[in-house]
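Visitor: Questions regarding the structure given below will be posed in turn.
Numbering (my numbering), first residue to last: 123 to 440.
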């Protein structure tokens with residue numbers, strides 16, 4: 123892309139098969155994919171938490187590495203259906219998918235650095251701001267218009283998450299943790315906007331493979347200097363593996379959703395994940411919903427799920 127003074131503007135490039143218009147029949151597929159992704163995300167969180175409960179003192183970073191390796195299951199999906207295996211693309215002409223991998227690695231790192239500083243509740247609340255970033259940036263990065271229902275859905279869901287996760291904490295460490303959690307949501311949101319921008323240029327397995335490769339390179343160097351405390355019990359490994367596979371499945375369906383539905387709509391629906399997470403916690407760990415949590419969950423479902431779906435229209439290019 124050029125501007126009058128001859129300077130080149132850096133923008134991610136995609137193959138010539140890139141289309142500015144989404145297929146008309148994919149809206150329902152995109153919505154269903156995000157709801158499934160949220161369910162797998164909730165199961166991932168519960169399994170990861172159970173692993174840390176099973177063997178206290180084990181490094182959460184060990185579970186993160188298992189989660190990254192589990193993403194290699196993206197190679198199994200096309201193999202089972204007889205499709206060609208995904209391959210790493212060259213940088214030239216495929217900048218967007220590589221930028222997605224880098225942004226994903228930054229988002230993951232910021233998220234796990236924030237948890238010990240401010241706790242999982244506030245981290246989840248602030249990280250969920252990715253839906254608002256998606257709604258705000260979608261017109262510029264993807265050419266998709268953000269409907270009013272999707273804007274109100276993102277803001278209403280954010281208010282519901284506040285009640286679900288009631289942030290707490292003060293001091294410099296809490297401030298740093300809050301910034302890291304917000305950055306995790308921002309970089310994650312921009313990364314998925316790049317996936318949405320690519321439309322059908324890449325299969326979800328290809329998107330996952332590039333994320334996996336970049337994260338392996340990034341964390342391999344980190345683990346060399348700061349080796350984690352690995353699990354010694356079989357049950358801990360089992361829960362880590364289940365968490366990793368659920369996370370991989372969640373990323374697959376999330377990528378599919380951003381490719382099939384408008385990015386702002388997919389961002390709104392992603393708010394369902396913490397609500398499902400609390401439901402799984404209630405079933406698995408005996409968590410009891412209070413009036414505050416029930417109100418927050420109702421807001422998320424009403425604004426983040428029902429309103430965008432009921433008001434959704436076939437996406438059109440800006």
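Every residue gets a Cβ at the ideal spot worked out from N, C-alpha and C, and that includes glycine.
So, helix, strand or coil for residue 430, using DSSP?
Guide: Three-state result, residue 430: helix.
Visitor: With a Cβ-Cβ cutoff of 9 Å, do residue 370 and residue 249 count as a contact?
Guide: Going by C-beta atoms, residue 370 is not nearer than 9 Å to residue 249.
Visitor: Does DSSP put residue 147 in a helix, a strand or coil?
Guide: Confidence at residue 147 is low in this model, with a pLDDT of 42, below 50, so its placement is unreliable and no value can be given for it.
Visitor: Would you list, in sequence order, the uninterrupted beta strand (DSSP E) runs of no fewer than 3 residues that lie entirely inside the segment 332 to 397?
Guide: DSSP runs (the beta strand (DSSP E)) wholly in the segment 332 to 397: none.
Visitor: Say whether the segment 418 to 434 touches the segment 386 to 394, bearing in mind that this needs 3 or more beta-carbon pairs closer than 8 Å, one atom from each stretch.
Guide: Yes, the segment 418 to 434 touches the segment 386 to 394.
Visitor: I want to know whether the segment 224 to 236 touches the segment 298 to 318 - three or more CB-CB distances under 8 Å.
Guide: Enough Cβ pairs lie closer than 8 Å, so yes.
Visitor: Confirm, please, whether the CB-CB distance from residue 225 to residue 313 is below 9 Å.
Guide: Taking 9 Å as the Cβ cut-off, residue 313 and residue 225 qualify as a contacting pair.
Visitor: For residue 208, which three-state DSSP category applies?
Guide: Three-state DSSP puts residue 208 in coil, outside helix and strand.
Visitor: Buried or exposed: residue 186, going by 16 or more other Cβ atoms within 10 Å of its Cβ?
Guide: Buried, because 16 or more other Cβ atoms sit within 10 Å of the Cβ of residue 186.
Visitor: Assign residue 250 to one of three DSSP states: helix, strand, or coil.
Guide: In this structure, residue 250 counts as coil in the three-state DSSP scheme.
Visitor: Return the first residue and the last residue of the alpha helix (DSSP H) that residue 192 is part of.
Guide: Unbroken alpha helix (DSSP H) run through residue 192: 182 to 192.
Visitor: Helix, strand or coil for residue 327 per DSSP?
Guide: Helix at residue 327.
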